[in-house]
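Q: Below: one structure in structure tokens.
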Amino acid sequence: MSPRPLRLALAGATGAVGRAVLEVLEDQEPSFASLKALSSGRSAGGTVSFRGDDLRVEEARAGSFRGCDLALLAVPAEAARQLGPLARAEGCLVVDASAAWRDDPEVPLCLPEVNPDAVAGLGRGIAAVPCGLAAALALVLRPIRDAAGLAAVSAVALESVSGAGRRGIEQLEAEALALMNGQEPAPPTAIPYRIAFNVVPDGGARGAAGGAGDAEQRLCADLAALLGAGPRVSATVARVPVFYGHAAAVSLSTARPLPAAEARELLRHAEGVKVVDQPAERLYPMPMLSVNDDAVHAGRIREDPTRANGLELFLSVDNLRRGGATSLVGLARLLARRHLTK
Ligand SMILES: NC(=O)c1ccc[n+]([C@@H]2O[C@H](COP(=O)([O-])OP(=O)(O)OC[C@H]3O[C@@H](n4cnc5c(N)ncnc54)[C@H](OP(=O)(O)O)[C@@H]3O)[C@@H](O)[C@H]2O)c1
């Protein structure tokens, strides 16, 4: 991660993204000096499994970050707003997976593969990763933009229940079990309606004047921050009854003509992207194929005859690992290299 072994703290170690962070650290980071696992008071005292051992979980509170170099936050935004400044005051640089800091002009929004120079200055000592689907879209769209310019992007995002964290997973499990046993499911807890055998086009609670929900605005804003001003972006977000892995149907217009075959070839060489595009053999991106993969899967790449320079494609991504954990660990690695080398 950096020339000297770092002392890490992971807040949210018991959550859906936190557990994926532990897996990514196991797979990608052989050398760091220590790892402290933190949660809220609810899970404190329990353990998480790490490198074949049980790692004790402590409650995140004053003093928790002392003696650490880097704090990785995989907690809800309200908790990140408290823990970020606390970790800073106790001497850590902070990387955050939540939306708490993404609109703060002093906090860089950075996906290391796309805009690493965003963290050259680190005003508050905090950096944020984009939401998972914005990260996936940016990895796929950047090479297309570089080759042919991007005029407009429109995405229909199909988000799995783990995008709503552990509680989303528990809701689908409980509802599916009840319905398969001929029982009425309990009232929903994490997603506004029953999600088992249903699709819920809930773009987030606070709607903008134009009607987009906050998750849809978040996706567009994060994507614009990563790709720079230029393409017009719109999104529709729907929750689907899938446990792990998001997908998106993407329609885009390039500034200059880009045949589908060329786009496919570009994506074959793009960092963080795997082309899965042999429809004749029934091979295309699906959430179940993306789980545990650090690459975004892109396929069904074809020209759109209804628009000038129009392309259509479909992507899938492991929302917890690639969409959260891989970005967070990659950003921690980047900060360590650039700001913690002494
Ligand atoms: N899920 C995704 O696909 C995804 C992808 C990218 C980014 N994110 C972002 O990542 C963050 C975590 O999401 P998640 O899906 O992992 O949620 P989650 O499954 O609900 O886990 C939340 C974690 O945060 C901990 N926590 C909650 N309040 C806390 C507090 N006040 N102090 C310390 N720890 C606290 C929880 O601890 P307890 O076990 O004690 O409750 C748990 O470990 C969110 O900001 C989310 O927006 C999520």
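Throughout, the numbering used here is defined as the position within the sequence shown, counted from one, plus 1302. Cβ coordinates follow ideal geometry from the N, Cα and C atoms, glycine included.
Leaving aside the five residues before and after M1588 along the sequence, list all residues of the same chain whose C-beta is less than 6 angstroms from its C-beta, in chain order.
A: Within the same chain, M1588 has close Cβ partners S1618.
Q: Three-state secondary structure (DSSP) at I1493?
A: The answer is coil: DSSP assigns I1493 none of H, G, I, E or B.
Q: Taking the Cβ atom as the reference point for each residue, do A1556 and A1440 lie within a distance shorter than 8 angstroms?
A: According to the sequence provided, residue 1556 is Thr. The question's Ala does not apply to it. In this structure, A1440 does not lie closer than 8 angstroms to T1556 by Cβ.
Q: In or out: Y1495 buried (at least 16 other Cβ within 10 Å) or exposed?
A: So Y1495 ends up on the exposed side.
Q: Measuring CB to CB, does V1535 end up less than 8 angstroms from E1461?
A: Not a contact, by the Cβ cut-off of 8 angstroms.
Q: Which runs of the beta strand (DSSP E) spanning at least 3 residues fall entirely within the segment 1520-1569, listed in chain order?
A: Listed in chain order, the complete beta strand (DSSP E) runs (minimum 3 residues) inside the segment 1520-1569 are 1534-1541 and 1548-1556.
Q: Taking 7 angstroms as the cut-off, does the CB of S1342 come closer than this to any heavy atom belonging to ligand 1?
A: S1342 Cβ: within cutoff of ligand 1.
Q: Residues in its own chain within less than 6 angstroms of A1572 by CB, not counting five upstream and five downstream?
A: Around A1572: P1445.
Q: Leaving out five residues on either side along the sequence, give the residues of the same chain with a beta carbon under 7 angstroms from the beta carbon of T1491.
A: So the list reads R1469 and Q1473, once near-sequence residues are dropped.
Q: Helix, strand or coil for R1639, going by three-state DSSP, please let me know.
A: Reduced to three states, the DSSP call for R1639 is helix.
Q: Verify whether the separation of the beta carbon atoms of A1311 and A1389 is less than 8 angstroms.
A: Their beta carbons are under 8 angstroms apart, which means A1311 touches A1389 by this criterion.
Q: In terms of DSSP beta bridges, what is A1600 paired with?
A: DSSP output for A1600 lists V1577 and L1617 as bridge partner(s).
Q: Assuming L1395 is part of the beta strand (DSSP E), what are its boundary residues?
A: Counting along the chain, the beta strand (DSSP E) containing L1395 begins and ends at L1395 to D1398.
Q: Can you determine whether any heavy atom of ligand 1 sits closer than 7 angstroms to the C-beta of P1543, and answer yes or no?
A: Outside the cutoff, so no.
Q: In the structure shown, what three-state DSSP assignment does S1592 receive?
A: DSSP places S1592 in helix when its eight states are reduced to three.
Q: Tell me which same chain residues have a C-beta within less than 7 angstroms of the C-beta of G1518, skipping the five on either side of it?
A: The sequence shown places Glu at residue 1518, not Gly. Excluding sequence neighbours, E1518 sits near G1505, G1506, A1537, T1538 and V1539.
Q: Rounded to a whole number of angstroms, what is the C-alpha to C-alpha distance between P1559 and S1553?
A: Straight-line Cα distance between these residues: approximately 14 angstroms.
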